[in-house]
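Residue numbers (the working numbering): 1 to 314.
See below:
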């Protein structure tokens, strides 16, 4: 089998194979969503999980009664927020954590009852970074809240320009200087919005993964390269949407399988090339030819040892 024939046949197989209309699992009343899991009463939600009574939500999880969120987690009664974690009753906020009753705030931590503030920690009853008494705060807030949101956002931008900002938004991470918004990770280069990852580079939105390169939207992956929407997988490359895979390459919409090459829409499969079943010996003989044409080296002993371990099985 020639390389060009393999790649061409794989592309043709993708084109003629039926594709899933949307992706989801254990949802209720969440028809207008995609890549949303274990959620209820969600409208226009994408790339999220454990959402309840939310609308216009992107890449967020564990949120309740929220509207128009992006990259927010463990939030409740929040609206128009970005990159917020564990916030309650907040609106028009960005990069705020463990706070409540914030409006038009940026980069505030462990705060409550703020309006138009930036970069504050453990503060209360402030308006545009000015400390007030509780009574003064409530009186001024009642007047400000009647004005259009654009007025406050413009004033907040002016305040952000004159105040220093952190180099990045990393938390509990080591050797991740060339990265941003990574949490509890180490040895990452050019990675973003990732959690509990290590020894990887060029990642976006991954968690609990290691030794991966150029991957996006993954969960519990190891030794994976050029993968998108992949979970619980080991030693995979060029995968578009898969889960619980091992030693699979050039696959689309494959699940709970191992030793696949150029396959589409397979589940609980093994030793298949271009969706055709082979014996174990035939499979490895043909894959060896493909790897040679691709210029791929033979698997290392470390890869073989890790593969036999089978940690990916749940």
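Ideal Cβ positions, reconstructed from N, Cα and C, are used throughout, including at glycine.
Check: Supposed contact pair residue 255 and residue 267 - C-beta distance, whole angstroms, cut 8 Å; Outcome: 5 Å
Check: Own chain partners of residue 120 with C-beta closer than 6 Å, once the 5 adjacent residues on each side are dropped; Outcome: 108 and 111
Check: Option in 80, 74 and 38 with minimal Cα separation from residue 55; Outcome: 80
Check: Residue 130 versus residue 104: straight-line alpha-carbon distance, rounded; Outcome: 14 Å
Check: Own chain residues within Cβ distance below 6 Å of residue 295, not counting five before or after; Outcome: none
Check: Paired residues, beta bridge with residue 221 - DSSP; Outcome: 233
Check: DSSP-derived helix/strand/coil call for residue 188; Outcome: strand
Check: Extent of the continuous beta strand (DSSP E) to which residue 80 belongs; Outcome: 79-82
Check: Proximity winner among 193, 223 and 216, relative to residue 95 (alpha-carbon distances); Outcome: 193
Check: Cβ neighbour criterion (16 or more within 10 Å) applied to residue 22; Outcome: exposed
Check: Which of helix, strand or coil DSSP assigns to residue 259; Outcome: strand
Check: Under the three-state DSSP convention, the category residue 119 falls into; Outcome: coil
Check: Closest by C-alpha distance to residue 211, when choosing among 230, 222, 205 and 204; Outcome: 222
Check: Endpoints, beta strand (DSSP E) assigned at residue 49; Outcome: 40-58
Check: Contact check, residue 106 vs residue 90, beta carbons under 9 Å; Outcome: no
Check: Residue 47 vs residue 34 beta-carbon contact at 9 Å; Outcome: yes
Check: Cα-Cα separation, residue 297 to residue 167; Outcome: 39 Å
Check: Where residue 127 falls, given that 16 or more other Cβ within 10 Å makes a residue buried; Outcome: buried
Check: Reduced DSSP secondary structure (H/G/I, E/B, other) of residue 150; Outcome: helix
Check: Residue from 292, 264 and 37 with nearest C-alpha to residue 10; Outcome: 264
Check: Range of the contiguous alpha helix (DSSP H) that encloses residue 291; Outcome: 280-294
Check: Same chain only: Cβ atoms within 6 Å of residue 62, ignoring 5 sequence neighbours per side; Outcome: 50, 73 and 74
Check: Beta carbon of residue 206 nearer than 9 Å to that of residue 200; Outcome: yes
Check: Enclosing alpha helix (DSSP H) for residue 137 [first to last residue]; Outcome: 134-144
Check: DSSP bridge partner residues for residue 109 (one or two, in chain order); Outcome: 97 and 121
Check: Cβ-Cβ distance between residue 185 and residue 178 below 9 Å; Outcome: no
Check: Limits of the unbroken beta strand (DSSP E) element including residue 86; Outcome: 85-88
Check: Bridge-paired residues (DSSP) for residue 273; Outcome: 261 and 276
Check: Interface flag, residue 132 vs chain C, CB-CB below 9 Å; Outcome: The displayed structure is made up of one protein chain only, and chain C is not part of it.
Check: Unbroken beta strand (DSSP E) run spanning residue 181, endpoints; Outcome: 179-183
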